[in-house]
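See structure below.
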Amino acid sequence: MEAAAVPIGHGHGHAHGHDAPGHDHHGHEHHGPPPANKSSRVDAPMLGMLLFIISEVMVFGAFFTAYFFIRIVQGQEWPAEGDHLPKLIAGINTLILVSSSFTLHWAEVSIKENNRRGLQAGIASTFLLGATFLFIQINEYVNIGFAPQDHAQGTIFYGLTGLHGAHVLIGLLALLTVTIRAFRGHFSAHDHRGIEIPGIYWHFVDVMWIVVYLTVYII
Amino acid sequence: MAAKLRAPGLLRAGVLTLVGIAFAAILDLTVRAATNAEPLVNGEAITLVALLAAPFFFLGGLGAFDEWLYWASGKPSRPEDHSGHGATSWKDYFRVNTDHKVIGVQYVVTSFFFMLVGGLLAMLVRAELAAPGAQFVDPNTYNGLFSVHASLMIFLFIIPVFAGMANYVLPLMIGAPDMAFPRLNALSFWMLPIAGVMMTLSFFAPGGSFATGWTAYAPLSTEVPMGQMFFTIGVQFAGASSIATALNFLVTIITMRAPGMSFWRMPLLVWANFATSLLVVIATPFVAASQLFVLLDYALGFNFFNVERGGDVLMYQHVFWFYSHPAVYIMMLPGFGIISEVLAVKSRKPIFGYRMMAFSLLAIVLLGFTVWAHHMFVSGMQPWIRVPMMITTAIIAVPTGIKIFSWLATIWRGVLHLDTPMLWSLGFITMFVLGGISGVMLAIIPIDIHVSDTYFVVAHIHYVLYGGSVFTIFAGIYYWFPKMTGRMFDERLGKVHFWMTFVSFNLTFAPMHLIGVQGMPRRVADYTEQFAGWNMFISLASFLLGLSTLVFVYNVVASWRGGTRAEANPWRAMTLEWQVSSPPPIFNFDAVPTVVGGPYEYGVPGAVHGVFRPAGQPDPHAKEPAGASARADAAGATHHGGTET
Amino acid sequence: MGSEQVKTSRESRIELFKMLGIGAVASVIGIIAGLAIDWFPIQASEEAKQIDSLWDLLLGVSVPVFVLVQAIVLYCVWKFRVRPGEEDKDGPPIHGDTKIEMIWTAIPAIILLVLCVYAYLVLEDIEGAKADTMDVRVVGEQFTWTFYYPGEDGKEIASKELYLPVNRSISFDVQTKDVLHDFWVPAFRMKIDAVPGTTQHVRATPTREGTYPVVCAELCGLGHAVMRQNARVVSGAAFETWLKEQPGKTNPGATAGNQGSAGQPAGLSGKELFTSVQPTCSSCHTLADAGSNSSTGPNLDDALEGKSEEYIRQGILEPDQQIAAGFSAGIMPPNYDETLKPEEVDALVKYLAKVTK
Ligand code: HEA
Ligand code: HEA
Ligand code: CUA
Ligand SMILES: [Cu+2]
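Shown next, in the form of structure tokens:
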């Protein structure tokens, strides 16, 4: 949604290949707004995404609060008696997700060098890696042997991993969009904000997973 | 017809809402059939899914996502052509409009509508409480009345009305042509009516509306009838709306200030909304999560709050208050900003201690995150948390005191114009101090042990929220009414409104302090004979308070339609929004002004805040309304960076 | 500007002192008025004394703060309001004064910290352990309280009324069977939430004999408003006698009918029972003959019209067997079979059958 930046600044318009000048002349009674002054070096959509990520971190914070209360304050056994968390498979899954951050980075670097093939390969593999992660995660749910209804530990486990899974899904939708556009010839060495901004989100989803993995599976 | 259906608008939105409900039903039936659930058709489950899904269909139908879907599908992007800007007829207020001024009006009118609904519910509450025993509602309906009353007032009135006023004036004040993300702005607005309608319609849910107070404490909220979900899900939409708006304000303030508008030259209203938006972005996700927990427990049988399976009940309160205490400052700080604007202009003096005013806002933001457990002194949480929280809570009175005293110093030796906006501002100072002091009493743990969950708290709530927030809202609405509508309001009626409200407000809520301390618990439909006299008195006064609101409604409607035309700057104010015509031109400015001084330099000879000439040639006499001048758009033709990413 | 400022600041000072004078007088009047108000319910515990005097101290601090602000606002309105001919005038461009700003930051901070320290001491005092404490277990459920006393050989003694010996420190262990409740005796000033899955503690030392309400102060559902019972503070000797009369509670089912409606003098008429058993039927039901008009439960005048005694008996003893239309299960207390003696149930059934014919 951050892509909705409308007039952000003068100098900006030229960073976008598709932003043909002159589109905004509609006769006289309807002229456009004056260009806004750019009072900060930060890019508006970028700042918007960062703030959005702050509030996302807080959503995770609330779920970690729940985790804290169940596991530390209540002192419940973790995981619940008789349950078993597949640390190894989840670990491999972690590697898959983390590697998708690198492929994404590769895609970004490529387009900055105007390497469209690199962009396409990078973004498509990022998407596939993300989808694989989600698939393995769902598979884990099916085989893990306990349900959120069973006990509070299960609730927290599914709550945190599920919340993260939902973010992966949103990230995948964003990546899908970027992939489509990458294959349709959008983006260029000068115009790659449309990758960078979903990209930050994807990196955030990755980092968040590492935190979830460490707290839920490892410690 | 078909073309009309395809075009974004209310018609398409209505049709798609029905599609959304059908979608929910089919989805639910499919899942239930696949999992062999009994019975196959479960009305509650379908309603629940529909509550979640239909709003998105509605928004889609309205056209809130059109541009983004267009973009996402990889079509060449459609640059914003500004055709969505401005309003030429009332119909333009019923579509997805990206003009911050239109959105501002949409926000304000919608939130006042829900204020009237919430107020009407309060009238029913008072009618029921007029005498002990049952008057005309059963206890379940009663609990629903005050729950919906408080939820509407908080989530659909105070929070959005501030966002609406700021939406209108903030970009003007900082010299920006619009908000940073106009489409997101429109989406934020349209999520509000969804939340409001959902909460109001909960009365028609099977088993009645949500009835667990606006705090919706678990485990009660996970065990009651369906109506509770109208709150749980409604709050998600209201919360998403506030987060999106706050993000928009922050980005606008940081990246779109006019040249010369340094942080220390921003009007305090801008500072106040900056501080509030920080609170919203950081705190609101917690209320969303707390209600998500309830939803999961309620609908899917999760165990967040189920103690039999290891859940933790107090966790709900910690997560809820970690949002809802900051929320009370979300409901107060923008009001502080409004009061600073009005007092400086109406006393013809600079704000006393401008920098401390800004710092104290930030101090309140910081401290606001460290006091949540003062709502939990008797909740049975770990006892050691209480004393630290008592101290931080008491300390919060210090930055608030700085603001009160600075305002007093501002009016001291000024030239006070005691018109309607000023009366509300002075009324605010007196009433808010009373509410703040009862807050400090509540913070003192031994006192709170006795008065927690009594009418003393109800009195505190209304002194800070009505005498505080609502008084500032009235001050702001009267102050900017000429700017927003281009008309002057009826000053005489404005004063009648103020005095009627001021008197009946005190008659209504002051006695609640007493009956609370004497032992009347809150949230009860029935009480002992002992409190009958005062309650009758309070109820009668409250009806007068309700009437006083109707004076306001009449004044606004009549003046909007037939008031005298307002000049650009009837108050002789210096801030930028008053330097353009009333109402402002469609794109605010022909060219962005340059700021050369502080916003409140009243009494300083020759002082200017902003100049409306190209930068580099400051002209101290350039105070004539810019919108009226230079319509020939000498500057307007060469630029236009309408960019779409 | 220099000399002008000197003059204005002296004038300003005189005005300020004048106003502080008015403020001081008004504060004294305000404090006296505040203390004259009869704020609290009867003071019936050690803790209440301390809390009440803390309250008086708070009034002594708050009233001057409030009066000061009012005095300044009113003085400004009176003295500085725009006069004819001044419409276009501006005030003096005073931007601030660091010294004053420091004063009004420091003074409230000091006042508040002192208050917090004092409050902390009071808190330690009222919550501190005391010698010779008696434990009472308090169990909340929708919508009634049950009180359990330690009896001989580990058996607990249950009661629907809270009997307490005067001048003895009591430690309440507060629990709940379902949702949150809050155990509050306004006359003692002490309250605590009953939290599912935990036992909460609160102390009080009753100092005055008499009957005081026990109130549920946390929203717990439909019957929250009527979750009111009585605390009877009696002399130590009377308490011992009362306790001896109570049968021990080993197994609620086995002793059903024997205990419970403790404290009810035997032989009450059906009508008297209707308004006196705890919680009272009249707190939830409308019944013309008993003069009650509550609507938490069905209107018995209509609901029981022409119904058999058996039907009524089942309605009382097993309320969740058959749910009256428009109401939900789990509201009417399910334990009248435990808390009422069989004679009492009979009396109630007969009475209800008669008056609803
Ligand atoms: C606009 C909303 C608003 C605001 C601004 C405040 C401000 C404050 N509130 Fe309030 N509060 C609510 C809305 C608000 N509150 C609501 C809605 C509830 C009930 C929620 C529910 O349960 O439903 C509540 C409940 C509530 C409680 C819990 C009571 C209970 O449930 O048991 C407490 C306890 O500490 C408290 C304290 C305070 C304090 C210390 C302040 C301070 O910020 C006030 C500071 C201001 C001043 C003190 C006045 C000016 C200062 C001076 C003039 C300086 C000198 C002053 C002194 C030396 C005293 N509030
Ligand atoms: C901003 C917030 C706000 C505002 C403005 C109000 C306004 C009012 N409130 Fe409310 N109130 C709360 C926030 C607010 N309240 C909160 C947070 C609670 C706690 C809830 C809880 O426990 O969970 C509460 C609880 C609360 C209670 C306690 C209920 C209980 O504990 O059992 C009472 C009781 O008297 C009450 C009364 C009133 C009254 C008389 C008004 C009056 O000011 C209202 C004035 C009337 C109007 C503004 C309406 C006038 C209009 C008409 C009469 C015509 C309408 C026409 C159409 C709609 C077409 N409120
Ligand atoms: Cu039990 Cu309220
Ligand atoms: Cu608070």
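Protein chains in written order, with the working numbering: chain Z, 48 to 266; chain C, 286 to 930; chain R, 2 to 358. We put the CB at the ideal spot given by N, CA and C, even for glycine.
Tell me the residue span of the beta strand (DSSP E) that contains residue i.
i	result
asparagine 873/C	Per DSSP, asparagine 873/C belongs to no beta strand (DSSP E) and is neither H nor E.
glycine 882/C	Premise fails: glycine 882/C is in no beta strand (DSSP E) and is neither H nor E.
histidine 286/R	Counting along the chain, histidine 286/R falls outside any beta strand (DSSP E), and DSSP gives it neither H nor E.
valine 234/R	229 to 235
With a threshold of 7 Å on Cβ separation, who are the neighbours of residue i within its own chain once the five nearest residues in sequence on each side are excluded?
i	result
alanine 471/C	Ala349, Val381, Asn382, Thr383 and Ile388
glutamate 219/R	Leu181, His182, Asp183 and Asp194
serine 833/C	His782, Met785, Thr786 and Ser789
proline 491/C	Pro510 and Met511
phenylalanine 174/Z	Leu219, Leu222, Leu223 and Thr226
threonine 147/R	Val140, Ala159 and Lys161
glycine 921/C	Low per-residue confidence applies at glycine 921/C: pLDDT is 35, beneath 50, and the placement is therefore not dependable enough to give any value.
Between which two residues does the alpha helix (DSSP H) holding residue i run?
i	result
valine 650/C	639 to 653
proline 214/R	No alpha helix (DSSP H) contains proline 214/R, which is instead part of the beta strand (DSSP E) from 211 to 217.
histidine 202/R	Looking at the DSSP string, histidine 202/R is not in any alpha helix (DSSP H); the run it does join, the beta strand (DSSP E), is 201 to 205.
alanine 20/Z	Outside the displayed range of chain Z (48 to 266) lies residue 20/Z, so it cannot be described from this structure.
arginine 850/C	Here arginine 850/C belongs to no alpha helix (DSSP H), and DSSP marks it neither H nor E.
glycine 712/C	705 to 728
glutamate 248/C	Because chain C here runs from 286 to 930, residue 248/C falls outside it and cannot be looked at.
glutamate 345/R	343 to 356
histidine 798/C	776 to 803
methionine 301/Z	Residue 301/Z is absent from the model: chain Z starts at 48 and stops at 266.
arginine 228/Z	199 to 230
Within a Cβ cutoff of 8 Å, which residues of the same chain sit near residue i, ignoring the five residues on either side of it in sequence?
i	result
alanine 348/R	Leu269, Ser270, Gly271 and Leu274
proline 424/C	Ala810 and Asp811
tryptophan 845/C	Thr770 and Arg772
histidine 906/C	Confidence is the limiting factor: at histidine 906/C the pLDDT is only 43, short of 50, which leaves the residue's position unreliable and the question unanswerable from this model.
Whose CA, out of the options, lies closest to the CA of residue i?
i	options	result
valine 215/R	Phe240/R, Glu241/R, Thr199/R and Ala188/R	Ala188/R
tyrosine 748/C	Met716/C, Pro806/C and Pro424/C	Met716/C
glycine 620/C	Arg640/C, Lys688/C and Phe607/C	Lys688/C
glycine 653/C	Lys631/C, Met641/C, Val683/C and Pro668/C	Val683/C
asparagine 103/Z	Val89/Z, His211/Z and Ile185/Z	Here residue 103/Z turns out to be glutamate, not asparagine, going by the sequence shown. Considering only alpha carbons, the answer is His211/Z.
threonine 860/C	Arg550/C, Ile722/C and Gly848/C	Arg550/C
valine 627/C	Leu703/C, Ser867/C and Gln667/C	Leu703/C
valine 672/C	Tyr121/R, Val74/R, Ile52/R and Val70/R	Tyr121/R
leucine 581/C	Met641/C, Leu535/C, Met514/C and Trp556/C	Met514/C
isoleucine 107/Z	Ile185/Z, Ala178/Z, Val258/Z and Leu142/Z	The sequence as given places phenylalanine at residue 107/Z; isoleucine does not occur at that position. Ranking the options by Cα distance to phenylalanine 107/Z, first place goes to Val258/Z.
phenylalanine 872/C	Leu505/C, Ala629/C, Val836/C and Ala461/C	Ala461/C
phenylalanine 644/C	Val663/C, Ile676/C, Gly686/C and Phe607/C	Gly686/C
Leaving aside the five residues before and after residue i along the sequence, list all residues of the same chain whose C-beta is less than 6 Å from its C-beta, in chain order.
i	result
arginine 164/Z	none
serine 562/C	Ala531, Phe534 and Leu535
leucine 166/Z	Ala154, Ser157, Ile158 and Ala229
serine 170/R	Lys131, Thr134 and Thr206
Mind pulling the alpha helix (DSSP H) runs of 4 or more residues that sit fully within the segment 460 to 544 of chain C? 467 to 486, 505 to 508 and 512 to 540
Could you name each continuous beta strand (DSSP E) segment of 3 residues or more that falls completely within the segment 111 to 196 of chain R, going from the start of the chain to the end? 135 to 142, 145 to 151, 157 to 160, 163 to 166, 171 to 177, 182 to 186 and 191 to 195
Just to confirm the assignment: which complete alpha helix (DSSP H) runs, minimum length 4, are found wholly within the segment 20 to 93 of chain R? 47 to 81
Closer than 5 Å is what we want: which residues have a beta carbon that near any heavy atom of ligand 3? List them in chain order. In chain order, the qualifying residues are His182/R, Cys217/R, Cys221/R, His225/R and Met228/R.
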